[in-house]
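*Asks:* Residue numbering for the sequence shown is 21 to 194, as defined by my numbering. Ideal Cβ positions, reconstructed from N, Cα and C, are used throughout, including at glycine. These numbers were taken from a predicted model, which means no experiment stands behind them. Sharing a structure below in structure tokens format, with a few things to ask.
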Amino acid sequence: MYKTANTIRMLQILYSGGVVKKRDLAQELETNERNIREYKKELIMAGYDILEHKGRNGGLQLDSASIIPAARLNREQTDAFLEARDLVHTHSSFASMKEFDQAVEKLFSSVVPSPEEDDAILYLSRRRRDPRQTSTLHMEVCRRGIREKKRLKLLCRRRDGRMQEYLVEPYQVF
Numbered sequence: 021m022y023k024t025a026n027t028i029r030m031l032q033i034l035y036s037g038g039v040v041k042k043r044d045l046a047q048e049l050e051t052n053e054r055n056i057r058e059y060k061k062e063l064i065m066a067g068y069d070i071l072e073h074k075g076r077n078g079g080l081q082l083d084s085a086s087i088i089p090a091a092r093l094n095r096e097q098t099d100a101f102l103e104a105r106d107l108v109h110t111h112s113s114f115a116s117m118k119e120f121d122q123a124v125e126k127l128f129s130s131v132v133p134s135p136e137e138d139d140a141i142l143y144l145s146r147r148r149r150d151p152r153q154t155s156t157l158h159m160e161v162c163r164r165g166i167r168e169k170k171r172l173k174l175l176c177r178r179r180d181g182r183m184q185e186y187l188v189e190p191y192q193v194f
């Protein structure tokens with residue numbers, strides 16, 4: 021097996037609970053104990069807390085506190101959370117901005133998208149006459165593109181009157 025596959029398989033074994041000896045992990049993964057240490061490093065770098073117990077009954081154990089179930093937020097909850105994040109960014113005096121951004125990133129990296137929102141590109145098809153409503157709609161689409169890591173297709177009128185199509189990958193709303 022390859023390193024990535026073995027690392028994921030090791031996570032699955034540790035996820036089942038209890039302390040697992042390195043020797044048993046090595047046998048299960050058909051590798052040696054030295055590779056188990058490498059897989060452990062990979063899991064730690066990915067954000068999992070792997071506890072190592074020494075002694076006769078020692079081994080590795082996945083810290084249950086490091087396992088966060090995937091968030092299942094609906095669109096309104098997600099938009100509310102992103103709006104709150106934007107509001108926090110307007111206050112430069114907020115001391116824990118970096119930690120807050122890291123927490124937001126962790127949360128949205130674990131969000132499971134719903135099947136109906138699995139488009140490769142987001143489209144903005146509705147037109148509104150009120151600029152405030154149009155701006156709000158544009159912000160919604162941009163936030164959704166950022167959240168779902170998707171490209172936006174923009175159709176813009178150039179100065180010469182011709183329409184030009186752009187694909188953009190948004191990363192922040194100002």
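1. I'd like the ranges of any alpha helix (DSSP H) spanning at least 4 consecutive residues and lying wholly in the region 46 to 120.
2. Considering only their Cβ atoms, is the gap separating R177 from V188 smaller than 8 Å?
3. CA-CA distance, Q192 and V161?
4. Secondary structure at Y35, three-state DSSP: helix, strand or coil?
5. So what does DSSP say about K42, is it helix, strand or coil?
6. Short check: CB of L31 to CB of K60, under 8 Å?
7. Could you name the residues that DSSP lists as bridge partners for L175?
8. Classify I64 as buried or exposed, calling it buried when 16 or more other Cβ atoms lie within 10 Å of its own Cβ.
9. Going by C-alpha distance, which of T110, G75, L102 is nearest A123?
10. In this structure, does DSSP put Q192 in helix, strand or coil?
11. If you check the beta carbons only, do K42 and I56 fall under 8 Å apart?
12. Run the proximity test for A104: is its beta-carbon closer than 7 Å to any non-hydrogen atom belonging to the ligand NAP?
*Replies:* To lay it out plainly:
1. 53 to 65, 95 to 109
2. Within the sequence shown, residue 188 is the residue found at index 168, counting from 1. Within the sequence shown, residue 177 is the residue found at index 157, counting from 1. No, these two residues do not count as a Cβ contact at 8 Å.
3. For the purposes of this step, residue 192 is taken as residue 172 along the sequence shown, with counting starting at 1. For the purposes of this step, residue 161 is taken as residue 141 along the sequence shown, with counting starting at 1. About 12 Å.
4. Here the question's residue 35 lines up with position 15 in the sequence shown. Note: Y35 maps to helix in three-state DSSP.
5. The residue you call residue 42 lines up with position 22 of the sequence shown. In this structure, K42 counts as helix in the three-state DSSP scheme.
6. Counting from one through the sequence shown, the residue named residue 31 turns up at place 11. Counting from one through the sequence shown, the residue named residue 60 turns up at place 40. In this structure, K60 does not lie closer than 8 Å to L31 by Cβ.
7. For the purposes of this step, residue 175 is taken as residue 155 along the sequence shown, with counting starting at 1. Looking at the DSSP assignment, L175 forms a beta bridge with E185.
8. In the sequence shown, the residue the question calls residue 64 occupies position 44. Exposed: under 16 other Cβ atoms inside 10 Å.
9. For the purposes of this step, residue 123 is taken as residue 103 along the sequence shown, with counting starting at 1. Nearest of T110, G75, L102 to A123, Cα basis: L102.
10. Locating residue 192 in the sequence shown gives position 172, where the first residue counts as 1. The answer is coil: DSSP assigns Q192 none of H, G, I, E or B.
11. Position 22 of the sequence shown, counting from 1, holds the residue named residue 42. Position 36 of the sequence shown, counting from 1, holds the residue named residue 56. In contact: K42 and I56 (Cβ atoms closer than 8 Å).
12. This structure lacks the ligand NAP; in fact it carries no ligand of any kind.
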